[in-house]
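Numbering (my numbering), first residue to last: 115 to 369. Built from N, CA and C at the ideal position, the CB exists for glycine as well.
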Amino acid sequence: MAMPAEIAPTSVRVQLNSAEKELQLRYPATVRLDQVQQDALANVSLMTTSDMAGQPLYWIGSSLWKADHRAKQAIALQQQTLDKQIRALADHWRHSRPAAGETLNELAQHLASPLPGERIFLSLDKDRVRIVPENNPALNGAFVLRLTTRPNTVKVTGALKLPTGNTADISLPWQERQDAAGYLKQVQMLSVANRDYVWVIQPDGKAEQHSIAYWNRQHKDIAPGATLYLAFTDLPESAKSLNAQIIHLLSQRPF
């Protein structure tokens, strides 16, 4: 006989940074996020390597995913659908825009790599989780919680010329008060790149549109671990929703 949903067991895989080590937390019933965080923090030393010793956790870069079978199937289907669209566009541009085609194929491979499930977008700052009820949901089922330490880079991906090698993005040193236009001066945009705006996926998964042209440039802060996505322009009718789908999947990924 199936157990009622409200008392179904809950499991949380807790990972730290690269997920080389992880901790499995199990609960006999529904559990609040603040309790999971307390238990994870009490055991985080079990996952800490020597190079992480003394580094504080970076809550804005931490992530929580619903990781049951249904969530995994849903995100995998989104990935498969987008993979077909990206590769179809790459083939469409194979002769007319070969550099864009190569970039798209690398991007397709990157976005097709497995995800834990569907990301739950909320602030994981432990104080906000403790104080704000909306940030302290009841967890029921299977989840993955990724804790991180603060990185010192940002990534740029999308409609840009990539360096030689299997990579879908370019990693740049994070600089305090550097805006999107400043970072983009360090990469080579493709002819099909949007030169007026760039999407910034902050480490918490929030996607923001930043102005980068001389006529509309406005400063907005970019957090360490963010991803800058240069959207593709001049898309055929069959690929009009491509940028939105790519942004959605980028926001699902840990930095």
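- Judged by DSSP in its simplified three-state form, residue 146 adopts strand.
- Excluding the 5 residues flanking it on each side, residue 181 has same chain C-beta neighbours closer than 6 Å at 230, 231, 256, 257, 258, in chain order.
- Between residue 345 and residue 357, the CB-CB gap stays under 8 Å.
- For residue 189, the enclosing alpha helix (DSSP H) covers residues 183 to 206.
- Note that the C-beta distance between residue 302 and residue 320 is not below 8 Å.
- Given a length threshold of 4 residues, each whole run of the alpha helix (DSSP H) inside the stretch 269 to 327 is given here in chain order: 294 to 298.
- Between residue 178 and residue 245, the gap from beta carbon to beta carbon reaches 8 Å or more.
- A straight-line Cα-Cα distance of about 14 Å links residue 213 and residue 271.
- When beta bridges are read from the DSSP output, residue 128 appears opposite 137, 259.
- Counting along the chain, no alpha helix (DSSP H) covers residue 236, and no H or E run does either.
- Rounded to whole angstroms, the separation of the alpha carbons of residue 249 and residue 293 is 29 Å.
- Bounds of the beta strand (DSSP E) holding residue 344 are 341 to 344.
- For a cut-off of 8 Å, the C-beta gap from residue 353 to residue 187 is around 25 Å, too long to register as a contact.
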